[in-house]
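Residue numbers (my numbering): -17 to 150.
Using N, Cα and C, we set each Cβ at its ideal position, and we do this for glycine too.
Source: prediction; values computed, not measured.
One structure is given here, and the rest of the page talks about it.
Laid out in structure tokens, this is it:
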């Protein structure tokens, strides 16, 4: 199974036609797949909170949006999530690379990993953690859920899901 294609196909199958992304090495394959898909309007963002603003505009314009980002920027998105996305009951699937766990090669990534799940829980954002590629089978139902209940949903994808950190 090509995981990048499966994710993209699930987005399209759920009528997600607007995706914004922030660069991430782990997410590079899915970002490339999304960028090449004719049914998805892809806008790269400089920052995650900026991307959420773009998603809000897309939602208000009648599109189903999603954002693809790293967990290390969850902190800068808190205000946007609370005062825009949640306040106006906008559904927003957030596919998030979950950096900072075991075997993480970049020490500064660890600090945000310690706080990611707690911040999402404090905001009452449903969170799903994909450890293994077979977990992607849940993505379709998660996407249906977020648009049914008009809530942001976090899908954390760790390094193991993406194939590990190489041969460290």
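field: Cross-strand partners of residue 24 (DSSP beta bridge)
entry: Counting from one through the chain shown, the residue named residue 24 turns up at place 42. Residue pairing for residue 24: DSSP places it in a beta bridge opposite 1.
query: Secondary structure at residue 80, three-state DSSP: helix, strand or coil?
result: Mapped onto the chain shown, residue 80 falls at position 98. Strand, per DSSP.
field: Whole-angstrom C-beta distance between residue 118 and residue -11, which should lie under 8 Å
entry: Indexing the chain shown from 1 puts residue -11 at position 7. Indexing the chain shown from 1 puts residue 118 at position 136. Yes, residue -11 and residue 118 are in contact; Cβ-Cβ is about 7 Å, under 8 Å.
Buried versus exposed, by CB contacts within 10 Å (16 or more), residue 80: Position 98 of the chain shown, counted from the start, is the residue given in the question as residue 80. By the neighbour-count rule (16 or more Cβ atoms within 10 Å), residue 80 is buried.
field: Inter-stretch contact (C-beta, 8 Å, three-pair minimum) for the stretch 1 to 14 and the stretch 40 to 53
entry: yes
message: Just to confirm the assignment, what range does the alpha helix (DSSP H) spanning residue 121 have?
response: Your numbering for residue 121 matches position 139 in the chain shown. Unbroken alpha helix (DSSP H) run through residue 121: 121 to 131.
- request: Compute the Euclidean distance between the alpha carbons of residue 95 and residue 86, then round it to the nearest angstrom.
  value: Sequence index remark: in the chain shown, residue 95 carries index 113 (1-based). Sequence index remark: in the chain shown, residue 86 carries index 104 (1-based). Near 10 Å, if we compare the C-alpha coordinates of residue 86 and residue 95.
- prompt: In this structure, does DSSP put residue 94 in helix, strand or coil?
  reply: Along the chain shown, one-based indexing puts residue 94 at 112. In this structure, residue 94 counts as helix in the three-state DSSP scheme.
task: Flag this pair as touching only if the stretch 20 to 27 and the stretch 103 to 117 have three or more C-beta atom pairs under 8 Å; answer yes or no.
output: no
query: Which value, in whole angstroms, describes the spacing of the CA atoms of residue 92 and residue 17?
result: For the purposes of this step, residue 92 is taken as residue 110 along the chain shown, with counting starting at 1. For the purposes of this step, residue 17 is taken as residue 35 along the chain shown, with counting starting at 1. Going by the C-alpha atoms only, they are around 29 Å apart.
task: Figure out for me which residue from 146, 122, 136 has the closest Cα to the Cα of residue -5.
output: The count along the chain shown starts at 1 and reaches residue -5 at position 13. Checking every option, the nearest Cα to that of residue -5 belongs to 122.
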